[in-house]
Amino acid sequence: MPLESLPPELFYLIFLQLSFQDQWQCSLVCKNWRYILLQWPHLWTCISTVNFKTHDLREALSPFKDVIKQQYIRRVQLIVQDGSHLKSPINFLIEQGCTSIVEVDISIPCIEPSVYLNLVELSASSLTHLYFTCSLFAKSYKPLPEEIIQSFPNLKVFHYRGSVYKIRSWEPSMPVDFKHKHLTELGLYIQNNMDGTFAAKNILTVMPNLRRLYIDIQNVARRADLFIKTLNKHCHQLKGLVLKSFEHSTTYFLDDDDEEDTTKRTYMTSQNSTRLEHLVVHIPYLGFHQIHTTRILRMLLVQHHQTLHIININGHSTISGNHCINQLVPFEFPTMQHLTIHNNRTPNTKYLWREFLPGIEGLPRFFAQSLSTEKLVSFNLSGLHYTFDLSPLAIGAKNLQELHLVDCTRISTLSLTKFFDNLYISADAPILKKVTLVRIPTVTVQMLVSMVLVLRSCLQELVIDGCKQVSRDDIVWFLDHAVAQHHFSSAKLRKLKIDIHYIDNGHFANDDLHNQILEKLDLLSEKWQLILPHPNNNLFFANDGYDDQHIKIYSSTNYIKE
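Going by the UniProt record's numbering, the final residue of the sequence shown carries number 562, and the count climbs one at a time with no gaps.
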């Protein structure tokens with residue numbers, strides 16, 4: 001039966017069960033399907049100018065004016081290369097009476113004042129989420145962050161990224177009695193305010209219910225003490241803080257002051273009313289990290305180390321990450337649940353020698369003295385290129401559910417084996433569900449077998465990728481052992497990935513052996529990926545869990561069907 005012959009009510013009832021993306025995919029099947037879907041008001045929940053080739057959106061949408069109902073449009077995405085192109089879609093939405101818009105994402109070089117006022121008129125009472133991105137270089141008018149906050153009293157989430165109009169004279173001011181009671185998430189990335197003087201201070205004073213703050217660390221670096229005092233005094237509900245640099249090319253340094261005295265002075269006068277639970281610190285490069293980030297991190301840890309549940313430190317290089325790890329050591333974290341320490345290798349070759357430091361005392365001391373392993377749920381280490389012992393982390397870690405190790409090139413085989421042994425001893429029934437081992441050269445097949453023996457009743461996801469001591473024959477033996485000993489109990493893994501394409505020793509001998517391996521993978525996991533070496537290209541197998549067909553691809557790229 002042709003689709004168009006179905007009653008519209010039945011047709012639309014079917015498509016209501018699909019996601020928005022799937023609905024659009026169905027509209028590409030044929031012209032009839034597309035026409036029927038475009039006549040369905042429920043499809044018009046989002047209007048976007050992304051990849052739109054003409055600036056006159058009103059003209060393009062005019063054939064559907066009768067279908068686009070005001071109550072259905074909830075999200076608008078306006079990404080244009082010319083500020084004048086913003087007028088057409090906003091005027092169209094006004095004409096349609098679309099006053100139920102809750103989310104707007106705008107990316108523009110600039111905006112005309114009259115167009116901004118039209119946007120306020122359209123969605124001032126309904127808008128709850130606003131993402132505003134403007135050009136760094138355009139000198140034309142853009143609404144100031146404080147103007148936007150006052151214009152939309154029901155905003156819950158507001159992110160502002162770009163330059164501020166007339167930054168040299170910018171001094172945000174708010175009415176004395178103004179409080180924005182609904183705003184719970186704020187992001188400020190003022191790209192032409194990199195002197196670190198914290199010009200946006202007054203904006204934070206009107207948000208008593210703010211719970212998550214994202215701010216460019218270079219906007220506050222010179223006035224870290226004032227920044228933290230402002231949070232303590234005005235943002236009592238703040239739980240999450242993300243400090244990240246979005247401008248990698250700017251370098252500057254604080255004045256030479258007594259940082260220790262500054263820290264003591266700040267917290268002798270603070271009320272300690274803010275209790276952070278989630279802290280993310282991004283360190284973009286060495287020179288910046290050495291003064292600014294370290295100072296702010298230390299000041300935050302002095303106040304919040306007792307309440308932090310999540311810490312994520314993203315370093316630009318091993319030496320910067322090491323320095324920040326050393327900042328953690330003097331403190332105890334009794335409520336820590338999720339810890340991520342990630343280091344990127346610097347692209348500048350003159351710093352590569354720094355990646356191979358002989359060792360560091362900070363991480364073992366942190367494991368032994370600062371971290372309460374009993375409450376730890378997830379642990380993620382990436383890019384640590386020095387020797388350390390992971391095994392103390394498992395002592396008492398009865399709630400650990402995720403372990404992710406990536407590019408930790410000098411962790412020993414003994415340390416990994418002892419980690420799983422300690423976990424088995426510390427917990428009557430380990431609950432570690434996810435293990436990721438990526439480019440860990442000391443992983444051996446014996447260690448893997450020991451691991452699955454300990455985790456046979458709880459492991460759900462396992463990734464073994466680029467571990468060069470694990471050979472083709474090791475994988476065969478590992479799978480045989482796992483199946484024969486029923487190490488994964490009665491429950492299958494949800495996801496298993498094994499990548500040994502780097503082995504330069506030919507490929508599996510024949511298709512019969514291939515099939516045997518694939519059968520074992522089917523027994524062990526619902527979804528799996530297997531990447532093997534091949535004389536010319538990489539050989540991929542995968543099972544997406546939806547059917548019994550194994551996907552086999554010869555390719556020189558790393559494409560895998562999920």
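Every residue gets a Cβ at the ideal spot worked out from N, C-alpha and C, and that includes glycine.
Exposure label - residue i; buried when at least 16 CB within 10 Å
i, result
"histidine 182", "exposed"
"phenylalanine 152", "buried"
"isoleucine 217", "buried"
"tyrosine 35", "exposed"
"asparagine 515", "exposed"
"phenylalanine 178", "exposed"
"leucine 10", "exposed"
"glutamine 303", "buried"
"histidine 180", "buried"
"cysteine 235", "buried"
"serine 457", "exposed"
"lysine 166", "exposed"
"aspartate 473", "exposed"
"leucine 16", "exposed"
"arginine 168", "exposed"
C-alpha distance - residue i paired with residue j, whole-angstrom precision
i, j, result
"threonine 442", "serine 125", "59 Å"
"residue 573", "glutamine 71", "In the structure displayed, the chain extends from 1 to 562; residue 573 sits before or after that span and is not available."
"valine 115", "threonine 49", "16 Å"
"phenylalanine 419", "proline 334", "21 Å"
"residue 593", "leucine 130", "Residue 593 cannot be examined here, being either before or after the span of the chain that is shown, 1 to 562."
"lysine 142", "lysine 375", "47 Å"
"threonine 409", "methionine 447", "16 Å"
"valine 76", "cysteine 110", "18 Å"
"proline 364", "leucine 328", "11 Å"
"glutamate 121", "glycine 187", "23 Å"
"tyrosine 424", "valine 454", "6 Å"
"isoleucine 313", "isoleucine 283", "8 Å"
"glutamate 247", "serine 135", "Legend: pLDDT at glutamate 247 = 49, less than 50; position of this residue unreliable, no value from coordinates given."
"isoleucine 215", "glutamine 21", "32 Å"
"aspartate 480", "aspartate 499", "17 Å"
"glutamate 185", "aspartate 407", "34 Å"
"proline 208", "phenylalanine 158", "15 Å"
"aspartate 56", "phenylalanine 92", "10 Å"
"arginine 298", "lysine 201", "21 Å"
"leucine 6", "tyrosine 12", "10 Å"
Residue i (DSSP reduced to helix, strand or coil)
i, result
"phenylalanine 478", "helix"
"leucine 231", "helix"
"lysine 65", "coil"
"threonine 294", "helix"
"aspartate 22", "helix"
"glutamate 121", "helix"
"alanine 429", "coil"
"arginine 456", "coil"
"glutamine 401", "coil"
"leucine 339", "strand"
"glycine 83", "helix"
"tyrosine 214", "strand"
"proline 175", "coil"
"serine 372", "coil"
"threonine 417", "helix"
"isoleucine 190", "strand"
"serine 126", "coil"
"lysine 527", "strand"
"glutamine 77", "strand"
"histidine 305", "coil"
"residue 567", "Outside the shown range of the chain, which is 1 to 562, sits residue 567, and nothing can be said about it."
"glutamate 519", "helix"
"residue 575", "Residue coverage of the chain in this structure runs from 1 to 562, which leaves residue 575 outside it and unanswerable."
"arginine 483", "Arginine is not the amino acid found at residue 483; the sequence shown has valine there. It is helical."
"valine 449", "helix"
"glutamate 112", "coil"
Residue i, enclosing beta strand (DSSP E) - first and last residue
i, result
"residue 569", "Residue 569 lies beyond the range of the chain shown here (1 to 562); nothing can be said about it."
"asparagine 106", "Per the sequence shown, residue 106 should be read as isoleucine rather than asparagine. Start and end: 103-108."
"histidine 132", "Reading off the sequence shown, one finds phenylalanine at residue 132, where the question assumed histidine. That run of the beta strand (DSSP E) goes 129-134."
"lysine 244", "240-244"
"phenylalanine 158", "157-162"
"isoleucine 311", "310-315"
"leucine 10", "Where leucine 10 is concerned, there is no enclosing beta strand (DSSP E), although the alpha helix (DSSP H) it sits in stretches over 8-15."
Residues that residue i bridges to, as DSSP identifies them
i, result
"threonine 49", "For threonine 49, which the question treats as bridged, DSSP gives no partner whatsoever."
"glutamate 461", "Lys434 and Lys495"
"glutamate 332", "In DSSP, glutamate 332 forms no bridge with anything."
"valine 406", "Ser382 and Val438"
N- and C-terminal bounds of the alpha helix (DSSP H) containing residue i
i, result
"tryptophan 33", "31-38"
"isoleucine 440", "Segment: none, isoleucine 440 is in no alpha helix (DSSP H) and carries neither H nor E."
Residue i beta carbon near the ligand NAP (any heavy atom closer than 7 Å)
i, result
"glutamine 71", "Within the structure as shown, the ligand NAP is missing, as the structure has no ligands at all."
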